[in-house]
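Peer 1: Got a structure here, written out as C-alpha cells. Questions coming.
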Amino acid sequence: MSAEAGKKEGSTRDRRGKGARARSAARLAAVQALYQMDLAGTPVDRVVSEFETYRFGAEGDDGTLEEADPVHFGTVVHGVVERQTEIDRLVNGVLAEGWPLTRIDATLRALFRAAAFELVAMREVPVRVVISEYLDVAHAFYDGDEPGFVNGVLDAIARKKGLVGTPGEAG
C-alpha cells in the first residue's frame with residue numbers, strides 16, 4: 001500500500017492544511033494497523049506503539065515525509081478494538097446476505113471498521129469527509145471496483161445510522 005492516494009499535483013489533498021493531511025495519513029495508517037492486527041494477531045498497544053515509533057514520519061516512496069496525526073490514529077485504532085462487536089454488527093447489517101464481514105478481503109474489512117467507527121463515534125467529523133477520506137484510502141489499495149463498493153457500504157452505514165437523509169447525500 002502506498003501513501004500516494006490523493007497526491008496528484010493540484011489535488012484537493014495538496015491544498016489542504018497540514019492538520020487535514022496528518023489526519024488523512026492517520027486514517028491510512030489506522031487501516032494498515034487494523035489489517036496487521038487482524039492477520040497477525042498483533043495486540044493493539046504493540047501495533048500502535050510500532051506505528052508511532054517506526055512508521056510515522058518515515059520517508060515515503062516519492063521522497064516526502066508523511067506525518068500522521070498520532071491522536072487521530074490512536075483514537076480510531078483503539079476505538080475499533082473497543083467497539084468491534086458493535087461495528088461489525090453495523091457493517092454486517094449493510095452487506096449483502098451471504099457476505100458477512102468475515103468473508104470480505106482483510107484490507108476492506110479494516111477499512112470498513114475504521115470508517116464505521118469514525119461515522120458513529122467521531123460525530124464532529126462531517127459524514128462526507130469521512131466517506132471521502134476512506135474512498136481515498138480505498139483508491140490507494142485498489143484499482144478495480146472496490147472503491148465503488150466502499151462508497152456504497154459507507155453511504156448505507158451513514159443512512160442506517162440516520163447521519164444523512166437520502167442516498168447520495170453523504171458523499
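Start counting the sequence shown at 1; every next residue gets the next number (UniProt numbering). Cβ coordinates follow ideal geometry from the N, Cα and C atoms, glycine included. Being a predicted model, the structure only gives us computed values, none of them experimental.
#1: Please work out which residues of its chain come closer than 7 Å, Cβ to Cβ, to alanine 68, disregarding the five sequence neighbours upstream and downstream, and give them in chain order.
#2: Given a cut-off of 8 Å on the beta-carbon distance, is the pair valine 77 and alanine 33 in contact?
#3: When the Cα atoms are used, what is the spatial distance from glutamate 82 to leucine 39?
#4: Going by the beta-carbon positions, is the gap between valine 48 and alanine 110 smaller than 8 Å?
#5: Out of curiosity, what's the CA-to-CA distance linking methionine 37 and tyrosine 134?
#6: What is the rounded straight-line gap between the Cα of valine 164 and the Cα of alanine 20?
#7: Does lysine 160 come out as helix, strand or coil in the three-state DSSP assignment?
#8: Can you name the start and end residues of the alpha helix (DSSP H) that glycine 19 belongs to?
#9: Please report the Cβ distance between glycine 79 and phenylalanine 117, rounded to the nearest whole angstrom; I am assuming they are in contact, meaning their Cβ atoms lie under 8 Å.
#10: On a CA-only basis, which of Arg159, Arg103 and His139 is nearest valine 120? Give me that one, please.
#11: Whole angstroms is fine: what's the gap from glycine 98's alpha carbon to isoleucine 104's?
#12: Taking its Cβ as the centre, do 16 or more other Cβ atoms sit within 10 Å of alanine 106, making it buried, or is it exposed?
#13: Decide if alanine 96 is buried, meaning its Cβ has at least 16 other Cβ atoms within 10 Å, or exposed.
#14: In this structure, how does DSSP classify arginine 55 when only helix, strand and coil are distinguished?
#15: What first and last residue would you give for the alpha helix (DSSP H) that runs through arginine 128?
#16: Please work out which residues of its chain come closer than 7 Å, Cβ to Cβ, to glutamate 146, disregarding the five sequence neighbours upstream and downstream, and give them in chain order.
#17: Work out the CA separation of valine 94 and aspartate 136 for me, nearest whole Å.
Peer 2: In short, the structure shows the following:
#1: Looking up residue 68 in the sequence shown gives position 68. Answer for alanine 68: Ala22, Ala25, Ala26, Ala29 and Phe56, listed in chain order.
#2: On the sequence shown, position 77 is the one that residue 77 refers to. On the sequence shown, position 33 is the one that residue 33 refers to. Pairing valine 77 with alanine 33 gives a Cβ-Cβ distance under 8 Å.
#3: One-based indexing of the sequence shown puts residue 82 at position 82. One-based indexing of the sequence shown puts residue 39 at position 39. Spanning the two alpha carbons is a distance of roughly 18 Å.
#4: As a first step, residue 48 must be located in the sequence shown, where it is residue number 48. As a first step, residue 110 must be located in the sequence shown, where it is residue number 110. Contact flag unset, no.
#5: By one-based count along the sequence shown, residue 37 stands at place 37. By one-based count along the sequence shown, residue 134 stands at place 134. Their Cα atoms are separated by approximately 19 Å.
#6: Counted from its first residue, the sequence shown places residue 164 at position 164. Counted from its first residue, the sequence shown places residue 20 at position 20. Roughly 23 Å separates the two Cα atoms.
#7: Along the sequence shown, read from residue 1 onward, the residue named residue 160 stands at position 160. Note: lysine 160 maps to helix in three-state DSSP.
#8: As a working mapping, residue 19 is identified with position 19 in the sequence shown. Start and end: 18 to 40.
#9: Residue numbering aside, residue 79 sits at position 79 when the sequence shown is read from its first letter. Residue numbering aside, residue 117 sits at position 117 when the sequence shown is read from its first letter. Between phenylalanine 117 and glycine 79 the Cβ distance is about 5 Å, and since that is below 8 Å, they are a contact.
#10: What you label residue 120 is simply residue 120 of the sequence shown in a count that begins at 1. Nearest of Arg159, Arg103 and His139 to valine 120, Cα basis: Arg159.
#11: Locating residue 98 in the sequence shown gives position 98, counting from the first residue. Locating residue 104 in the sequence shown gives position 104, counting from the first residue. Looking at the two C-alpha atoms, the distance is approximately 11 Å.
#12: The residue labelled residue 106 in the question sits at position 106 within the sequence shown. It counts as exposed.
#13: Within the sequence shown, the letter at position 96 stands for residue 96. Alanine 96 is exposed by the Cβ-count criterion.
#14: The residue labelled residue 55 in the question sits at position 55 within the sequence shown. Look at arginine 55 here: in three-state DSSP terms it is helix.
#15: Numbered from its first residue, the sequence shown carries residue 128 at position 128. Start and end: 127 to 141.
#16: Walking along the sequence shown from the start, residue 146 turns up at place 146. Closer than 7 Å at Cβ, skipping near neighbours: Leu108 and Ala138.
#17: As a first step, residue 136 must be located in the sequence shown, where it is residue number 136. As a first step, residue 94 must be located in the sequence shown, where it is residue number 94. Answer to the nearest angstrom: the Cα atoms are 21 Å apart.
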